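This report concerns only the one structure given below.
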Amino acid sequence: MTLTERIKILESKIEDLEKKIASYNKFNPSYIIEETQKNLKDISDNKKISATINSFNTLVKDLEQTWISNKKEKKSKKKKNQKIKVE
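Under the working numbering, residues 38 to 124 are what the sequence shown spells out, in order.
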């Protein structure tokens, strides 16, 4: 048996062991707790992102309203100036 063949056999055995460990980990309480903590952190991060998006949306709406009101003010001032010029 050549060295290359031995390496392939060992790699195959390592892969089998990794699969067994992975399947064992799914039922290991510490693994379950660790995965749960990761999921909770992800949920927390998602809530923070959601809150940031909501505050950004509120800011955009406020800016839009300010822009609209400024535009209306400019139109009304322009109309007043035109009326003054006509008189």
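We put the CB at the ideal spot given by N, CA and C, even for glycine. It should be emphasised that the depicted structure is a prediction, and the values quoted were computed from it without experimental measurement.
Beta-carbon proximity list for residue 100, same chain, < 8 Å, skipping 5 on both sides:
So the list is empty, once near-sequence residues are dropped.
Residue 40 to residue 65, Cα distance in whole Å?
Between residue 40 and residue 65, the C-alpha separation is close to 36 Å.
Could you check how far apart the C-beta atoms of residue 68 and residue 62 are, in whole angstroms? I think they sit under 8 Å.
Confirmed, Cβ separation roughly 4 Å.
Tell me the DSSP secondary structure of residue 39 in three-state form.
In this structure, residue 39 counts as coil in the three-state DSSP scheme.
Residue 81 versus residue 90: straight-line alpha-carbon distance, rounded:
Spanning the two alpha carbons is a distance of roughly 14 Å.
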